[in-house]
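So in my numbering the end of the sequence shown lands on 407, straight run, no missing numbers. Read through the structure below, which is laid out as structure tokens, and then see the notes.
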Amino acid sequence: MTTLPTDGIVRVSEEDPHRHEAFLPAPTPQAHAANLVPLPDGELGCAWFGGTQEGLSDINVWFSRIGADGAWTAPTQVSSDPDRSEQNPVLFPTPGGELWLLYTAQYAGNQDTAEVRLRVSTDAGRTWGPVRTLVPASSTGGVFVRQPIVVLPSGRWLLPVFHCVRPAEGDWRGDEDTSAVLVSDDNGATWTHRPVPDSTGCVHMNIVPLRDGTLLALFRRRQADVIHQSRSTDGEHWSAPVPTDLPNNNSSIQARTLHDGRVALVFNASSAADATDRRVSLYDEIADDGRTSTNAAAQAPPPGAAFWGAPRAPLTLALSSDKGRTWPVRRDLEVGDGYCMTNNSRDGLNRELSYPSITQTADGWLHIAFTYFRQAIKYLRLSPDWARA
19 MTTLPTDGIV
29 RVSEEDPHRH
39 EAFLPAPTPQ
49 AHAANLVPLP
59 DGELGCAWFG
69 GTQEGLSDIN
79 VWFSRIGADG
89 AWTAPTQVSS
99 DPDRSEQNPV
109 LFPTPGGELW
119 LLYTAQYAGN
129 QDTAEVRLRV
139 STDAGRTWGP
149 VRTLVPASST
159 GGVFVRQPIV
169 VLPSGRWLLP
179 VFHCVRPAEG
189 DWRGDEDTSA
199 VLVSDDNGAT
209 WTHRPVPDST
219 GCVHMNIVPL
229 RDGTLLALFR
239 RRQADVIHQS
249 RSTDGEHWSA
259 PVPTDLPNNN
269 SSIQARTLHD
279 GRVALVFNAS
289 SAADATDRRV
299 SLYDEIADDG
309 RTSTNAAAQA
319 PPPGAAFWGA
329 PRAPLTLALS
339 SDKGRTWPVR
349 RDLEVGDGYC
359 MTNNSRDGLN
369 RELSYPSITQ
379 TADGWLHIAF
389 TYFRQAIKYL
399 RLSPDWARA
């Protein structure tokens with residue numbers, strides 16, 4: 019278990035009165051991939067996955083909320099599959115008042131076996147309905163989610179997904195992953211698949227509605243070079259992703275449009291260029307039978323292959339006033355060396371600051387949750403003044 023102060027109590031930072039922070043309670047050795055969202059009852063909720071180690075079958079989804087006392091509640095386990103690793107939860111408050119929980123379920127480290135599952139709550143996450151498969155895996159690979167569903171003014175729902183493509187030979191590595199959008203015009207009853215053109219290597223598609231009615235999408239890059247972007251006017255037809263000047267380390271990002279119209283992005287300001295070593299894959303320590311191994315051999319992958327092992331730090335907030343074309347304001351939220359050459363949380367070896375989630379409440383405060391050393395989820399509450407420049 020972690021030695022971090024995971025009591026869930028939100029405290030004012032000693033260095034900055036505009037910054038409040040907490041470590042969410044951590045009932046498992048590993049905690050990763052937070053998703054933060056205002057709940058239908060007006061409170062704030064957070065979901066993440068936890069267990070022994072990503073890829074093992076004891077990885078499940080957990081859920082906590084800010085309680086009446088202002089502290090994060092003891093988390094409840096909201097998924098349980100004895101055969102699959104359940105990952106990447108996404109919370110979605112529907113326009114009709116339900117709370118959807120989407121997450122992935124895969125065998126061991128094989129993301130090309132993943133399917134997307136769904137549970138629905140009618141009481142803001144206090145109880146949940148039965149599990150059902152929303153998007154099954156296919157003969158060509160698995161499907162993953164990471165970013166939230168977007169609802170357009172027309173009522174159309176957009177669910178960004180990425181396909182973990184099964185290679186012709188060997189295990190999944192992420193080299194050929196692509197992005198797509200599932201489009202629903204009947205409140206999620208049926209979905210139409212719309213691939214993003216020329217998106218190989220672009221994953222974790224984050225759709226950001228802009229004030230002019232257009233849509234910006236930002237992508238994590240498997241090649242760990244830079245964040246890519248795409249644009250659309252209807253959510254169905256997207257431009258081919260193109261590079262930005264923001265680095266990416268093959269780790270997750272998240273952005274949203276603020277009340278004042280600016281786009282806020284949280285990401286790791288690092289890339290493969292900052293790495294002194296690399297991993298073969300995300301799951302170097304997961305053997306075929308699901309047990310952990312000590313395989314850290316870093317054989318040189320072919321050119322263009324997914325890059326694993328770039329530092330997952332610092333964690334940086336960037337702000338854009340021109341619809342995501344430039345990002346002149348950049349401020350570090352958390353700094354460190356970002357060591358992530360292992361996912362071993364039991365021995366406290368991982369030091370990544372990663373997988374951010376960001377939202378803004380009606381009072382203007384920014385709320386951010388992220389992975390801290392793979393041992394806990396850290397929460398930040400920033401005053402509107404903190405992000406002003």
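The beta-carbon is built from N, C-alpha and C at its ideal position, and this holds for glycine as well.
(message) Can you tell me where the beta strand (DSSP E) holding Ser197 begins and where it ends?
(response) Locating residue 197 in the sequence shown gives position 179, where the first residue counts as 1. Residues Thr196 to Ser202.
(message) Spatial neighbours of Leu152 within its chain, please: C-beta separation below 7 Å, excluding the five flanking residues on both sides.
(response) In the sequence shown, the residue the question calls residue 152 occupies position 134. If we look at Leu152 and ignore the five residues flanking it on each side, its Cβ neighbours are Leu120, Val134, Arg135 and Leu136.
(message) Considering Cα atoms alone, identify which of Ala92, Val161 and Ile167 is closest to Leu117.
(response) Residue numbering aside, residue 117 sits at position 99 when the sequence shown is read from its first letter. The residue with the shortest Cα to Cα distance from Leu117 is Ile167.
(request) Look up Cys358 in the DSSP assignment and give the residues it is bridged to. (result) As a first step, residue 358 is located in the sequence shown; it is residue number 340 there, counting from the start. According to DSSP, Cys358 bridges with nothing at all.
(request) Under the assumption that Arg297 contacts Trp256 (Cβ atoms under 8 Å), give the Cβ distance between them as a whole number of angstroms. (result) Along the sequence shown, one-based indexing puts residue 297 at 279. Along the sequence shown, one-based indexing puts residue 256 at 238. That pair is no contact at about 31 Å.
(message) Please confirm whether Val55 has its beta-carbon closer than 7 Å to some beta-carbon of chain D.
(response) Considering every chain present, this structure includes no chain D. It has just one protein chain.
(message) Please state whether the Cβ-Cβ distance between Ala44 and Thr24 is less than 7 Å.
(response) For the purposes of this step, residue 44 is taken as residue 26 along the sequence shown, with counting starting at 1. For the purposes of this step, residue 24 is taken as residue 6 along the sequence shown, with counting starting at 1. For Ala44 and Thr24, yes; Cβs fall inside 7 Å.
(message) Going by DSSP in three states, Pro213 sits in which element: helix, strand or coil?
(response) Taking the sequence shown and counting its residues from 1, one reaches residue 213 at position 195. In this structure, Pro213 counts as strand in the three-state DSSP scheme.
(message) Given a cut-off of 7 Å on the beta-carbon distance, is the pair Ala324 and Arg191 in contact?
(response) Indexing the sequence shown from 1 puts residue 324 at position 306. Indexing the sequence shown from 1 puts residue 191 at position 173. It is a contact, given that the beta carbons lie within the stated cut-off.
(request) May I have the straight-line CA-CA distance separating Ala207 from Val353, to the nearest angstrom? (result) Sequence index remark: in the sequence shown, residue 207 carries index 189 (1-based). Sequence index remark: in the sequence shown, residue 353 carries index 335 (1-based). Rounded to whole angstroms, Ala207 to Val353 spans 43 Å at the Cα level.
(request) Could you check what DSSP says for Asp403 in three-state terms: helix, strand or coil? (result) Your numbering for residue 403 matches position 385 in the sequence shown. The three-state secondary structure of Asp403, taken from DSSP, is helix.
(message) Let me check understanding here. Comparing Cα to Cα, which of Gly159, Ala155, Leu233 and Leu42 lies closest to Pro171?
(response) Taking the sequence shown and counting its residues from 1, one reaches residue 171 at position 153. Considering only alpha carbons, the answer is Leu233.
(message) I'd like to confirm the pairing. Which residues does DSSP put opposite His246 in its beta bridges?
(response) Along the sequence shown, one-based indexing puts residue 246 at 228. Paired residues: Phe237 and Pro261.
(request) Measure the CB-CB distance between Ala331 and Trp345 and report whether it falls below 7 Å. (result) By one-based count along the sequence shown, residue 331 stands at place 313. By one-based count along the sequence shown, residue 345 stands at place 327. The Cβ atoms of Ala331 and Trp345 lie no closer than 7 Å to each other.
(request) Please list, in chain order, all residues of the same chain as Val27 whose beta carbon is under 7 Å from its beta carbon, the five residues on each side excluded. (result) To locate residue 27, count along the sequence shown from 1; it is residue 9. In the sequence as presented, Val is not what sits at residue 27; that position holds Ile. Excluding sequence neighbours, Ile27 sits near Ala40 and Ala89.
(message) Just to confirm the assignment: which complete alpha helix (DSSP H) runs, minimum length 4, are found wholly within the stretch 147-209?
(response) The stretch 147-209 contains no whole alpha helix (DSSP H) run of 4 or more residues.
(request) Kindly indicate which three-state DSSP category Ala291 falls into: helix, strand or coil? (result) Mapped onto the sequence shown, residue 291 falls at position 273. DSSP places Ala291 in helix when its eight states are reduced to three.
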